[in-house]
Amino acid sequence: MVGIGRGGRVARVGGNAWLLLGVFLTVMPFVYMVVASFKPGNDLFSIPFRFWPENLYLGNYDLLLDETNFVRWFGNSIFVSLSRTVIAIALSIMAGYAFAKFEFPLKRALFFLVIGTLTLPLYVILVPLFGMMVDREWTDTYLALILPFTAQAIGVFLARQQLLAIPNELLEAARIDGAGEWSIFTRIVLPLAQPAIAVMGIIFFTASWNDYLWPLIVVLSDEKFTVSLGLATLIGPYSQEYGAVMAGSFMGTLPIVLIFLLFQRRFIEGIMAGALKG
Amino acid sequence: MARALSPAGTGTIPSAGGRARRTGSGRPPGSRLITPYLFLLPFFVVYGIFLLFPVYSGLRLSFYELVGISEAQFVGFAQYRQLFEDERYLRALLNTTIYALTSVFVLSPLALLVALAVRSFIVPSANLQSFYRIAFFLPNITSFVVIALMFGLVLDTDYGLLNAGLTAIGLEGHNWLRDESLALPAMIGVGIWTYLGINSLYFLAGLQNIPDELTEAAYLDGASRQQAFWHVTLPLLRPTILFVMVQATIFSYQIFEIPFLLTGGGPSDATLTLAIYLYEVGFRQFDQGYAATIGYSLAVISILLAGIQLVLFRTFQND
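If you read the protein sequences in the order shown, they are chains C and U. Going by numbering that gives the first Met the number 0, the first residue of the first sequence is number 0, and it counts up by one from there. Going by numbering that gives the first Met the number 0, the first residue of the second sequence is number 0, and it counts up by one from there.
Dropping the structure here:
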């Protein structure tokens, strides 16, 4: 092992200085977002530039909560993201179980059909999918926000990986004891799938919470907006309420940051697996 | 739902012989023939309706001219040929290609440097390591919308944080979002800010898979740090490098939210991306046929790039 001499100490200090500069550049926009949410509008657009507000101004939060539909958007985001997540996990675990623990004709072909779309960009289906929503008069409904993205190939892949580890003897023993296939699934398979469920929960919830393009296309009325879509509409030709937008961005990011801090290891594992999919 | 398939029912399927032959460690018997299909059914119904079918109808649509609610007209490959003559499409392709190249040649090496530093003797304590991890990871859990809104304030010409910072250290501020020559570099900067953390984590994971014994053996044989890096670490990191580069390139060609919200693709298409162009054509001009064609061109680009990079790395590996 190469020891740490004087040169090593210099490298250590220098290296950390660079890393800290990186952290500073990464964190500053977030800090400024929070600071700006406590600044009145004319403070935000003042010359010379002042970083800190004169005093803690709460008007942006009042404006956001009273004058916009933010609370509703927040509720919509929670409802849509939870529904998407729960359905997607259920579908993934069932399909992943079939692929992991059964032999059946067409198994390989069906699995390829799932995995084959992993790198397919969403843009391939965007136009026809929207056309489908229009044809079925699903535009501007929760159904359109939730259902189309509940069949997640990455989920099937993750569930299968996890469930491959279940010993066949365990399932066989339950069958010999007379357990039905469905009760084997709920009593034996589901509990053993916990780690995959946690990882999927994180990926699917975060992706849905942060989704912008699909709500932008399929939702029309303010009451159906999600947080991401709603916030983006607050800045436009008719409105420049940056303070309120920063307040909303701050509150809209908090749930994900909380999940991240609570389940840090699973979260990183999840995002790294989820990044396989766009 | 699968209750009817309890073992009571399985006896009726002629597999008794198979059962007898089966050893204790064998796979589940093939007797429960429809059980796996029932478990697959819910997924495949949704998958078929909302993914496979649109994939097919999108391909079909790309051969038809269909604008608004007019009658669809078969035009063969005409819309694909149109792509090569469409200046806006080519501009978007150029912009996203520049973006992709910087992801491969600037972002990826930078992420590798961060990972190497965090893993090396520079960061000795586990606490400091996880501090860096969390800090660099934050942008990755933030929505693109929030990132765009934040950077709208940061990059503002007169009131923005960046220009204020630059002036404070004696440099000059710039019109980041409205200057034609600066808007794309600004988007690239925001992209690096967003993706540095996750790519460092990929490299960290890759580095963790390389046993310390290997580099230590190189040191014992008299190799310097640099030599150990170039001849031991880097070759072993090849799969991770391939993965990061494929990811970075594919994502680059799909970038949408940040330029869409920050510049709307402007000024004068300086930050127009393929996805923004698709959105404009499909959902503002309602030219569904052409938008579907642009969508498929994106799929072709993704598949081609992944293929090329795979082949390149195979070749290097054989050297």
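Backbone N, C-alpha and C fix where the C-beta goes; we use that ideal spot for every residue, glycine too.
Its chain contains Asn-198, Val-243, Met-244, Ala-247 as the residues whose beta carbon lies nearer than 7 Å to that of Ser-107 (chain U), once the 5 sequence neighbours on both sides are disregarded; these appear in chain order. Under the 8 Å Cβ criterion, the segment 164 to 178 of chain C does not count as touching the segment 193 to 208 of chain C, having fewer than three qualifying pairs. Judged by DSSP in its simplified three-state form, Gly-235 (chain C) adopts strand.
Looking at U:Val-144, U:Glu-179, U:Val-189, U:Leu-183, the one whose alpha-carbon comes closest to that of Leu-161 (chain U) is U:Val-189. About 5 Å separates the Cβ atoms of Gly-172 (chain U) and Leu-165 (chain U), confirming a contact at the 8 Å cut-off. Sequence-distant partners of Leu-92 (chain U) (beyond 5 residues in either direction) whose C-beta falls short of 7 Å from its own C-beta, in its chain, are Leu-273. The beta carbons of Ala-35 (chain C) and Tyr-241 (chain C) sit closer together than 8 Å. Going by beta carbons, Leu-109 (chain C) and Leu-39 (chain U) fall inside the 8 Å limit. In the structure shown, the three-state DSSP call for Phe-50 (chain C) is coil.
By a beta-carbon distance limit of 8 Å, Gly-306 (chain U) does not contact Tyr-122 (chain C). Their separation comes to about 19 Å. Taking Leu-163 (chain C) as the centre and dropping the five residues before and after it, the same chain places the C-beta of Ala-99 closer than 7 Å to its C-beta, in chain order. Within chain U, no C-beta atom comes less than 7 Å from the C-beta of Asn-54 (chain C); the nearest is roughly 19 Å away. Neighbourhood of Ala-298 (chain U) in chain C, by CB distance below 7 Å: Leu-119, Pro-120, Val-123, in chain order. Counted as a single uninterrupted DSSP element, the alpha helix (DSSP H) harbouring Thr-193 (chain U) occupies residues 179 to 207.
Taking a beta-carbon distance threshold of 8 Å, Ser-248 (chain C) counts as an interface residue toward chain U. Judged by their CB atoms, Ala-87 (chain C) and Met-199 (chain C) are nearer to each other than the 8 Å cut-off.
One Cα belongs to Leu-137 (chain U), the other to Met-245 (chain C), and the distance between them is close to 17 Å.
Within chain C, no C-beta atom comes nearer than 7 Å to that of Ile-168 (chain U); the closest sits roughly 13 Å away.
With fewer than 16 other Cβ atoms from the protein chains shown falling within 10 Å of its own Cβ, Glu-66 (chain C) counts as exposed. With a cut-off of 8 Å on Cβ pairs, the segment 214 to 225 of chain C is in contact with the segment 56 to 76 of chain C, counting three or more such pairs.
If only complete runs of 4 or more residues are kept, the segment 93 to 131 of chain U shows the alpha helix (DSSP H) at 107 to 118, in order along the chain. With respect to chain U, the C-beta atom of Asn-15 (chain C) has a partner C-beta closer than 8 Å.
Three or more beta-carbon pairs drawn from the segment 149 to 157 of chain U and the segment 27 to 45 of chain C are found closer than 8 Å, and the two stretches are therefore classed as touching. If you check the CB distance, Ala-150 (chain C) and Tyr-46 (chain U) come in under 8 Å. Checking the DSSP bridge columns, you'll see Val-74 (chain U) has no partner listed.
Taking 8 Å as the cut-off, the beta carbon of Val-217 (chain C) is found closer than this to the beta carbon of Leu-144 (chain C). C-alpha of Ser-248 (chain C) to C-alpha of Val-145 (chain U): approximately 6 Å in a straight line. With respect to chain C, the C-beta atom of Val-145 (chain U) has a partner C-beta closer than 8 Å. At a cut-off of 8 Å between C-beta atoms, Ser-36 (chain C) does not count as an interface residue with respect to chain U.
When the Cα atoms are used, Ala-172 (chain C) and Leu-233 (chain U) turn out to be separated by approximately 48 Å.
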